[in-house]
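Here is the structure we will look at, set down as structure tokens.
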Amino acid sequence: MRSCAARLVWSIRKGQGREMALQSAKQYETVIGLEVHVELATRTKIFCGCSTEFGGAPNTHTCPVCTGMPGALPVLNKQVVNYALAVGLATNCEITRYCKFDRKNYFYPDNPQNYQISQLYLPICRNGYVEIETPAGKKAVGIHEIHMEEDAGKLIHDEWEDCSLVDYNRSGVPLIEIVSEPDMRCAEEVIAYLEKLRTTIQYLGASDCKLNEGSMRADVNLSVRKVGAPELGTRTEMKNLNSFRAITHAIEHERERQIDLLLSGQQVIQETRRWDDTKEYSYAMRSKEDAQDYRYFPDPDLVPVYISDEWIAEIRNRQPEFRGEKMARYREEFDIPEYDIGIITDSKHMADLFEETVAICNAPKKVSNWLMGETLRLLKEKGMDAGDIRFSPQNLAKLIALVDSKAVNSSVAKDVFAVMFEEDVDPEQYVEEKGLKTVNDEGALRKTVEEVIASNPQSVEDYRNGKEKAIGFLVGQTMKAMKGKADPAAVNRILKELL
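Residues in the sequence shown are numbered consecutively from 485, following this note's numbering.
Spelled out as structure tokens, the structure:
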């Protein structure tokens, strides 16, 4: 990872030399804090029984509560509190034993009640931190608070009809908002912090944290100040960034924009900005609101939540082995490369798949090879992530056993794996049904090799004249004649014997 300073790429300002521009930029330091919204993995919404499943026809996962109908009363989903407590404990937070909900009043079309139920005065978690790796070593990023709240609906802008439509399926989906301290100084630290949060929350099972589906979104609060200055500069907020790439580009652009304003004698305006990742440009949306603008007051329809020592102990006892602990154990237990360990443990689903398969076949390096090779290739090819893997550890172990016993060769095994990746077929049954077993009939194989030798006199002559690569062509021709069902090692042996 490169240092923060090394990531800064500055354009040459009009009338100013490159060296002068760089020196001017170095006078400033970036200060970044994040508000990370995470959709929780409950089956139902925070205050009603509607489904939280992603997708579905517009406005089909709704009821009077989550569409803000008069007289509809909310009832708190206890699992939301369980997940919030689990995340708070995993991020070293203090738990607020007596917490409550407040109404945040604002008037947007995707907010059906004209207020959002959130937590301002007594959030469930406070004063935590997560530790990240930086070029200078470990760094603690403070967490100011974690609070529970409901999500709003979704606006869909129809450019052809010149109108906006509202889908309330997402309205009332439970969120936690993780508010960091302004402790980060560059995009690399921000991404390291987000990756640490993502893996921690995924390991807890509290959320899938899929940025592309909006179940994890980040608002970036950024300001710049002279190096060494005690006071913070005027900050801007960039809303709902949902990819690491967009977050990185938005941070670099906004830092440059603010420094350019200050160097030209202008002021930075406190405002909310939207980042267009296609155009790589941000534009102002509205002036930045403060808490008083939302006219918070305690929600009269929800009773306070009292969190007992027993409740906290129960959640603490259910905490899983987190990624750092798992990586340390893998180094001791399994003879696989450090790079493999990093990739496999980045996803709890893949780590579970790895461990369960190894428990069946006791071949960690072979399991790792299949995950690091064909699995990652197919995930990338199909635009999926590790959480989308559907094949079972039992079937992966069976495929490894088929290769080990030479019932199939490596080429056929890859073809079988591609089907297994899509449909989780039983590889033993599939190989049997499709007639893919390796031909072990020595007589039939020898006969085919003899025919290939007879049909390719030039390659035979090349090999006998010292061109070792010529035998590769003959092996390929034999495998083709055997429809891929021969053992390449056996073909090689017979070819050399006959030649």
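Think of the CB as a built atom: it goes at the ideal place given N, C-alpha and C, for glycine as much as any other residue.
Cβ neighbour criterion (16 or more within 10 Å) applied to N696: Within the sequence shown, residue 696 is the residue found at index 212, counting from 1. Answer is exposed; the Cβ neighbour count stays below 16.
C-beta atoms of Q803 and A570 nearer than 8 Å: Taking the sequence shown and counting its residues from 1, the one referred to as residue 803 is at position 319. Taking the sequence shown and counting its residues from 1, the one referred to as residue 570 is at position 86. Yes.
Exposed unless 16 or more other CB atoms sit within 10 angstroms - verdict on N598: The residue labelled residue 598 in the question sits at position 114 within the sequence shown. Exposed.
Residues bridged to K588 (per DSSP): Along the sequence shown, read from residue 1 onward, the residue named residue 588 stands at position 104. Q600.
Within 8 Å, strictly: CB atoms of I472 and L573: Because the chain spans 485 through 983 in this model, residue 472 falls outside it and cannot be assessed.
Cβ contact check for the segment 698 to 718 and the segment 544 to 554: 3 or more pairs under 8 Å: no
Distance between beta carbons of E934 and M982, contact taken as under 8 Å: Mapped onto the sequence shown, residue 982 falls at position 498. Mapped onto the sequence shown, residue 934 falls at position 450. Note that residue 982 corresponds to Leu in the displayed sequence, not to Met. About 7 Å; that satisfies the 8 Å criterion.
Straight-line Cα distance separating G539 from I978: Here residue 978 refers to the residue found at position 494 of the sequence shown. Here residue 539 refers to the residue found at position 55 of the sequence shown. Their backbone Cα atoms lie some 58 Å apart in a straight line.
Cβ neighbours of R491 in the same chain (closer than 8 Å, five flanking residues each side left out): Taking the first residue of the sequence shown as 1, we reach residue 491 at position 7. With a pLDDT of 45 at R491, under the threshold of 50, the predicted position of this residue should be treated as unreliable, and no value is reported.
Straight-line Cα distance separating L958 from N949: Within the sequence shown, residue 949 is the residue found at index 465, counting from 1. Within the sequence shown, residue 958 is the residue found at index 474, counting from 1. So the alpha carbons of these two residues sit roughly 15 Å apart.
Cβ-Cβ distance between D594 and A556 below 8 Å: Taking the first residue of the sequence shown as position 1, residue 594 is located at position 110. Taking the first residue of the sequence shown as position 1, residue 556 is located at position 72. No, Cβ-Cβ distance for D594 and A556 is not below 8 Å.
Exposure label - R770; buried when at least 16 CB within 10 Å: Taking the sequence shown and counting its residues from 1, the one referred to as residue 770 is at position 286. It counts as exposed.
C-beta atoms of S852 and I828 nearer than 8 Å: Here residue 852 refers to the residue found at position 368 of the sequence shown. Here residue 828 refers to the residue found at position 344 of the sequence shown. Cβ atoms of S852 and I828: closer than 8 Å.
In DSSP terms, what C647 is bridged to: Numbered from its first residue, the sequence shown carries residue 647 at position 163. Its beta-bridge partners are D642.
Close beta carbons around E715, own chain, < 8 Å, minus the five adjacent residues each side: Taking the first residue of the sequence shown as 1, we reach residue 715 at position 231. Closer than 8 Å at the Cβ level, and outside the excluded window around E715, lie R709.
Residues bridged to P658 (per DSSP): For the purposes of this step, residue 658 is identified with residue 174 of the sequence shown, where counting begins at 1. Paired residues: E634.
8 Å Cβ cutoff met for G576 and G517: Against the sequence shown, residue 576 aligns to sequence position 92. Against the sequence shown, residue 517 aligns to sequence position 33. Correcting the residue identity first, residue 576 is Asn in this sequence and not Gly. Cβ atoms of N576 and G517: not closer than 8 Å.
Burial state of A974 (16 or more Cβ within 10 Å): Working through the sequence shown from its first residue, we reach residue 974 at position 490. With a 10 Å radius around the Cβ and a threshold of 16 neighbouring Cβ atoms, A974 comes out buried.
T536 beta carbon less than 8 Å from that of V564: Counted from its first residue, the sequence shown places residue 564 at position 80. Counted from its first residue, the sequence shown places residue 536 at position 52. With respect to the 8 Å criterion, V564 and T536 are not classified as neighbours on the basis of their beta carbons.
Sheet register partners of H521 (DSSP bridge): In the sequence shown, residue 521 corresponds to position 37, counting from 1. Note: H521 sits in a beta bridge opposite E661 and R701.
First through last residue of the alpha helix (DSSP H) which encompasses D888: The residue you call residue 888 lines up with position 404 of the sequence shown. Start and end: P877 to D888.
8 Å CB neighbourhood of D642 in its chain, flanking five on each side removed: Start at 1 with the first residue of the sequence shown, and residue 642 comes out as number 158. Around D642: S648 and L649.
Sequence-distant residues of the same chain with beta carbon closer than 7 Å to S943, five excluded per side: Taking the sequence shown and counting its residues from 1, the one referred to as residue 943 is at position 459. Closer than 7 Å at the Cβ level, and outside the excluded window around S943, lie A954, F957 and L958.
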